[in-house]
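A.B. asks: Quick note: the sequence shown, position 152, residue 152 per UniProt numbering, numbers continuous. Take a look at the following structure, please.
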Amino acid sequence: MSNYFVGDIHGCYDELQLLLKKVFFDPNKDVLWTTGDLVFKGNKSLDVLRYICSLDRSARVVLGNNDLLFIAIYLNIVQFKIKENLSSIFLSDDILDLINWLRHQPFIQIDKSKKIILSHAGIHPKWNISTLIYHSELINEILSSSIYDVFLNYVFNDKVIDVLFKSIDFENMNFILDVFTNMRYFLPDGKLELLCKLSPFYAPSHLVPWYLKSNAIPDDYKIIFGHWSSLINVNLPSNVIFLDYGCCWGGYLIMFRWEDNKFFKVKSFFKNK
């Protein structure tokens, strides 16, 4: 049995399948971990969703910001000019099943025996393992509930239409969601800075990448994440593994095998998706 970690797929189904063949992935005994953002920018988001969903217990998924955007577009919460390939997804017979599967996925995956933490964007420096689990379960509870549309309407439009939900602390939940799915930098005062997507080589000097701040995670844990494609060629702490090499932008789809610390990659099939 091997554990494979793949970076942001973004609908790049053909590249994913080539990578899986390259490592002789066997869903009957191996496990595929994904860093989130399964869908959106590539040409075959529907195929990616169907495949990962079909893996069942052989897949360990975390949600990314684009997965949430995908759900919000489906609900018509976000008005977004989408490519034809995405429009066809929303007309597919199994779209509701796939949306329901997607919104029931967690925001953090932790394997305490292997000392692994998987998140789309990273971890908040002040959160320990128990806090990570608690916050992920908190967001999962509402996203998998009957009012998930109300929550996403707040996330993307900053409003709650129904007064019945005014007592729910959506602001705190949105902050947790930003940590798991949008985080890159912190300001000097400790607040999140969500606008800058630049590599640390080019970012304003007062911004601190989340992975450079002291954290509450034991040193023997590996933290695996994606989300930040401009981190390519940036030196990271030895216990941090980054896997988003911008396949959807013409870069590479990257995979990491846990058992021997070996990386694999395939080049994007298109220069511009």
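We put the CB at the ideal spot given by N, CA and C, even for glycine.
In the DSSP output, what is Lys-267 paired with across the bridge?
C.D. replies: The sequence position of residue 267 within the sequence shown is 267, counting from 1. Tyr-252.
A.B. asks: Taking one C-beta from the segment 255 to 271 and one from the segment 1 to 19 each time, how about it: are there three or more such pairs within less than 8 Å?
C.D. replies: Judged by Cβ distances under 8 Å, the segment 255 to 271 makes contact with the segment 1 to 19, as three or more pairs qualify.
A.B. asks: So, at 8 Å on beta carbons, what are the nonlocal neighbours of residue 284 in its own chain, with the 5 sequence-adjacent residues on each side left out?
C.D. replies: In the structure as shown, the chain begins at 1 and stops at 273. Residue 284 is therefore absent and cannot be evaluated.
A.B. asks: Take every Cβ of the segment 132 to 147, pair it with every Cβ of the segment 239 to 254, and state whether three or more of those distances are shorter than 8 Å.
C.D. replies: No, the segment 132 to 147 does not touch the segment 239 to 254.
A.B. asks: Just verifying my parser: in three-state terms, what is the DSSP assignment at Gln-17?
C.D. replies: Here residue 17 is taken as the residue at index 17 of the sequence shown, counted from 1. Helix at Gln-17.
A.B. asks: Tell me whether Ser-229 is buried or exposed, calling it buried when 16 or more other Cβ atoms sit within 10 Å of its Cβ.
C.D. replies: As a first step, residue 229 is located in the sequence shown; it is residue number 229 there, counting from the start. Ser-229 comes out buried.
A.B. asks: Judging by CA-CA distance, which residue of Leu-49, Ile-9, Gly-64 and Asn-3 is the nearest neighbour of Ile-254?
C.D. replies: On the sequence shown, position 254 is the one that residue 254 refers to. It is Ile-9 whose Cα lies nearest to the Cα of Ile-254.
A.B. asks: So, using beta-carbon positions, are Met-173 and Ile-123 closer together than 8 Å?
C.D. replies: Here residue 173 is taken as the residue at index 173 of the sequence shown, counted from 1. Here residue 123 is taken as the residue at index 123 of the sequence shown, counted from 1. No, the Cβ-Cβ distance between Met-173 and Ile-123 is not below 8 Å.
A.B. asks: To the nearest angstrom, how far is the alpha carbon of Asp-67 from that of Tyr-148?
C.D. replies: If you number the sequence shown from 1, residue 67 lands on position 67. If you number the sequence shown from 1, residue 148 lands on position 148. For Asp-67 and Tyr-148, the distance between alpha carbons rounds to 14 Å.
A.B. asks: How long is the line joining the alpha carbons of Glu-171 and Asp-158, rounded to whole angstroms?
C.D. replies: By 1-based counting over the sequence shown, the position of residue 171 is 171. By 1-based counting over the sequence shown, the position of residue 158 is 158. Going by the C-alpha atoms only, they are around 9 Å apart.
A.B. asks: Please state the DSSP three-state secondary structure of Tyr-211.
C.D. replies: For this step, residue 211 is matched to residue 211 along the sequence shown. Three-state DSSP puts Tyr-211 in a helix.
A.B. asks: Tell me, please, which residues DSSP counts as bridged to Gly-7.
C.D. replies: Counting from one through the sequence shown, the residue named residue 7 turns up at place 7. None, per the DSSP bridge assignment.
A.B. asks: Among all the DSSP beta bridges, which residues are the ones paired with Tyr-185?
C.D. replies: In the sequence shown, residue 185 corresponds to position 185, counting from 1. In the DSSP output, where bridge partners are listed per residue, Tyr-185 has Glu-193 and Pro-209.
A.B. asks: Where does Lys-29 land, buried or exposed, given buried means 16+ other C-beta within 10 angstroms?
C.D. replies: Residue numbering aside, residue 29 sits at position 29 when the sequence shown is read from its first letter. Burial call: exposed.
A.B. asks: Can you confirm whether the segment 48 to 66 touches the segment 98 to 108 when touching is taken to mean that 3 or more C-beta pairs between the two stretches lie within less than 8 Å?
C.D. replies: Segments in contact, yes.
A.B. asks: With DSSP run on the structure shown, which of helix, strand or coil describes Val-179?
C.D. replies: For the purposes of this step, residue 179 is taken as residue 179 along the sequence shown, with counting starting at 1. If DSSP states are grouped into helix, strand and coil, Val-179 belongs with the helices.
A.B. asks: So for Val-48, helix, strand or coil by DSSP?
C.D. replies: Residue 48 sits at position 48 when you count from the first residue of the sequence shown. Looking at Val-48 - three-state DSSP - the assignment turns out to be helix.
A.B. asks: DSSP on Thr-34, reduced to helix/strand/coil?
C.D. replies: The residue labelled residue 34 in the question sits at position 34 within the sequence shown. Reduced to three states, the DSSP call for Thr-34 is strand.
A.B. asks: Should Lys-273 be labelled buried (16 or more other beta-carbon atoms within 10 Å of its own) or exposed?
C.D. replies: Position 273 of the sequence shown, counted from the first residue, corresponds to residue 273. Caution applies to Lys-273, whose pLDDT of 44 falls short of 50 and renders its modelled position unreliable; the value that the coordinates give is listed next. Burial call: buried.
A.B. asks: My output table needs one value for Ser-113: the three-state DSSP class, helix, strand or coil.
C.D. replies: In the sequence shown, residue 113 corresponds to position 113, counting from 1. Coil at Ser-113, not helix or strand.
A.B. asks: Just grab the DSSP bridge partners of Phe-242 for me.
C.D. replies: Numbered from its first residue, the sequence shown carries residue 242 at position 242. Answer is Phe-225.
A.B. asks: Provide the residue span of the alpha helix (DSSP H) that contains Ala-72, from first to last.
C.D. replies: Position 72 of the sequence shown, counted from the first residue, corresponds to residue 72. It spans 65 to 74 - the alpha helix (DSSP H) in which Ala-72 sits, taken as one unbroken run.
A.B. asks: Please determine, among Leu-86, Ser-58 and Val-61, the residue with the shortest C-alpha to C-alpha distance to Ile-71.
C.D. replies: Start at 1 with the first residue of the sequence shown, and residue 71 comes out as number 71. Of Leu-86, Ser-58 and Val-61, the residue nearest in Cα terms is Leu-86.
A.B. asks: Please specify which runs of the beta strand (DSSP E), each continuous and at least 3 residues long, are wholly inside the segment 113 to 137, giving them in chain order.
C.D. replies: Listed in chain order, the complete beta strand (DSSP E) runs (minimum 3 residues) inside the segment 113 to 137 are 116 to 119.
A.B. asks: Of all the options Ser-2, Trp-127 and Gly-42, which has the alpha carbon lying nearest to the alpha carbon of Asp-26?
C.D. replies: Stepping through the sequence shown from its first residue, residue 26 is reached at position 26. Closest option to Asp-26, Cα to Cα, is Ser-2.
A.B. asks: Restricting to Cα atoms, I'd like to know which of Thr-35, Asp-93, Pro-125 and Ser-88 is closest to Pro-106.
C.D. replies: As a first step, residue 106 is located in the sequence shown; it is residue number 106 there, counting from the start. The shortest C-alpha separation from Pro-106 is found at Thr-35.
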